[in-house]
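Following: one structure in structure tokens, then a few remarks.
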Amino acid sequence: AQSVTQLDSHVSVSEGTPVLLRCNYSSSYSPSLFWYVQHPNKGLQLLLKYTSAATLVKGINGFEAEFKKSETSFHLTKPSAHMSDAAEYFCAVRFMNRDDKIIFGKGTRLHILP
Amino acid sequence: SQTIHQWPATLVQPVGSPLSLECTVEGTSNPNLYWYRQAAGRGLQLLFYSVGIGQISSEVPQNLSASRPQDRQFILSSKKLLLSDSGFYLCAWSVWPSEAFFGQGTRLTVV
Numbered sequence: 191a192q193s194v195t196q197l198d199s200h201v202s203v204s205e206g207t208p209v210l211l212r213c214n215y216s217s218s219y220s221p222s223l224f225w226y227v228q229h230p231n232k233g234l235q236l237l238l239k240y241t242s243a244a245t246l247v248k249g250i251n252g253f254e255a256e257f258k259k260s261e262t263s264f265h266l267t268k269p270s271a272h273m274s275d276a277a278e279y280f281c282a283v284r285f286m287n288r289d290d291k292i293i294f295g296k297g298t299r300l301h302i303l304p
Numbered sequence: 338s339q340t341i342h343q344w345p346a347t348l349v350q351p352v353g354s355p356l357s358l359e360c361t362v363e364g365t366s367n368p369n370l371y372w373y374r375q376a377a378g379r380g381l382q383l384l385f386y387s388v389g390i391g392q393i394s395s396e397v398p399q400n401l402s403a404s405r406p407q408d409r410q411f412i413l414s415s416k417k418l419l420l421s422d423s424g425f426y427l428c429a430w431s432v433w434p435s436e437a438f439f440g441q442g443t444r445l446t447v448v
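Heads up: the sequence lines are chains A and B, in that order. Heads up, the first sequence stops at 304 in my numbering, and the numbers go up one at a time, no gaps. Heads up, the second sequence stops at 448 in my numbering, and the numbers go up one at a time, no gaps.
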């Protein structure tokens with residue numbers, strides 16, 4: 191069965207320290223992978239995406255993610271957290287099969303401590 | 338450029354009443370269309386998706402149904418709403434292998 195798991199529902203980091211948000215998927219098909227961010231009372235904004243090109247993907251606002259097929263992971267990182275990064279982050283996976291559905295994880299709430 | 342329209346933005350409906358939420362896409366042909374429900378702590382739950390006119394796949398057995406009468410129109414319906422149908426509903430479109438593009442959402446409150 192196809193699934194996506196965000197391992198942490200909440201992550202807290204201090205401003206200026208690195209951010210790591212974890213995402214794993216399960217599928218026998220080649221995936222496209224995405225990270226979205228949602229600020230309070232706002233819509234979903236695409237941070238970055240992997241669609242079978244370079245495995246290290248750079249996105250907006252200093253975020254990047256690395257696709258690791260052997261680990262079925264697509265973790266999101268940022269070297270130095272900023273207060274404005276406080277938001278909810280969603281990992282999404284799209285599988286290249288006849289169904290072609292896009293599945294989202296349950297989200298990770300990122301808290302930035304001053 | 339492509340745009341997606343979803344309406345209404347908010348809706349308050351009594352239990353047992355019918356529901357119809359509509360979503361239309363402009364600027365693209367034969368998109369995949371999706372209905373999601375967002376609830377706190379549960380992320381975006383995929384409810385229905387469609388890869389073409391009249392082709393609907395249901396992900397979660399429930400009180401809702403979906404239809405795609407035209408290439409760029411996707412409708413979410415219910416004959417009788419339940420309290421548990423309250424939530425934030427999002428329509429999205431996509432073409433392989435790109436990301437999903439979302440409408441502004443509908444906040445449904447069933448009272």
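All residues carry an ideal CB built from backbone N, CA and C; glycine is no exception.
Tell me residue i's beta-bridge partners as DSSP assigns them.
i: Asn369 (chain B); result: B:Ser431
i: Lys232 (chain A); result: In the DSSP output, where bridge partners are listed per residue, Lys232 (chain A) has none listed.
i: Glu359 (chain B); result: B:Trp344, B:Ile412
i: Ser402 (chain B); result: B:Ser414
i: Tyr240 (chain A); result: A:Leu223
i: Phe257 (chain A); result: A:Phe264
i: Gly380 (chain B); result: B:Ala376
i: Ala318 (chain A); result: Outside the modelled stretch of chain A, which goes from 191 to 304, sits residue 318 (chain A), for which no answer is possible.
Return helix, strand or coil for residue i, following the three-state DSSP convention.
i: Ser274 (chain A); result: helix
i: Ile390 (chain B); result: coil
i: Gly353 (chain B); result: coil
i: Ser204 (chain A); result: strand
i: Asn214 (chain A); result: strand
i: Ser449 (chain B); result: Look at the range of chain B in this structure, 338 to 448, and you will see that residue 449 (chain B) is not part of it.
i: Gly252 (chain A); result: helix
i: Ala453 (chain B); result: What is shown of chain B runs 338 to 448, which leaves residue 453 (chain B) out entirely.
i: Val397 (chain B); result: coil
i: Val194 (chain A); result: strand
i: Val448 (chain B); result: coil
For residue i and residue j, what's the separation of their Cα atoms in angstroms?
i: Tyr215 (chain A); j: Val283 (chain A); result: 7 Å
i: Tyr305 (chain A); j: Gly391 (chain B); result: Shown here, chain A extends from 191 to 304; a query on residue 305 (chain A) therefore has no answer.
i: Gln284 (chain B); j: Val448 (chain B); result: Since the first residue shown for chain B is 338 and the last is 448, residue 284 (chain B) is missing from the structure and cannot be characterised.
i: Leu246 (chain A); j: Gln235 (chain A); result: 20 Å
i: His301 (chain A); j: Gly249 (chain A); result: 20 Å
i: Thr195 (chain A); j: Lys296 (chain A); result: 7 Å
i: Val209 (chain A); j: Ala376 (chain B); result: 25 Å
i: His183 (chain A); j: Leu303 (chain A); result: No answer is possible for residue 183 (chain A): the residues shown for chain A start at 191 and end at 304.
i: Ser147 (chain A); j: Val352 (chain B); result: Because chain A here runs from 191 to 304, residue 147 (chain A) falls outside it and cannot be looked at.
i: Trp433 (chain B); j: Ser423 (chain B); result: 31 Å
i: Glu363 (chain B); j: Ser204 (chain A); result: 43 Å
i: Gln192 (chain A); j: Asp198 (chain A); result: 19 Å
Do we get a CB-CB distance below 8 Å when we pair residue i with the residues of chain B?
i: Lys268 (chain A); result: no
i: Asp198 (chain A); result: no
i: Gly252 (chain A); result: no
i: Thr241 (chain A); result: yes
i: Lys296 (chain A); result: yes
i: Lys258 (chain A); result: no
i: Asp289 (chain A); result: yes
i: Phe264 (chain A); result: no
i: Arg212 (chain A); result: no
i: Phe285 (chain A); result: no
i: Ile293 (chain A); result: yes
Taking only beta-carbon positions, decide if residue i is within less than 8 Å of chain A.
i: Pro368 (chain B); result: no
i: Val518 (chain B); result: Since the first and last residues shown for chain B are 338 and 448, residue 518 (chain B) lies out of range.
i: Leu383 (chain B); result: yes
i: Val388 (chain B); result: yes
i: Tyr426 (chain B); result: no
i: Ser431 (chain B); result: yes
i: Phe439 (chain B); result: yes
i: Gly378 (chain B); result: yes
i: Ser394 (chain B); result: yes
I'd like to know whether the C-beta of residue i is nearer than 8 Å to at least one C-beta of chain C.
i: Glu436 (chain B); result: This model lacks chain C altogether, as its protein chains are A and B.
If you measure beta-carbon to beta-carbon, which residues of the stretch 217-241 of chain A are closer than 7 Å to chain B? From the stretch 217-241 of chain A, only Ser222, Phe224, Gly233, Leu234, Leu236, Lys239, Thr241 have a Cβ closer than 7 Å to chain B.
Quick one, which residues of the stretch 338-354 of chain B are near chain A if we go by CB-CB under 8 Å, in chain order? The stretch 338-354 of chain B vs chain A, Cβ under 8 Å: nothing.
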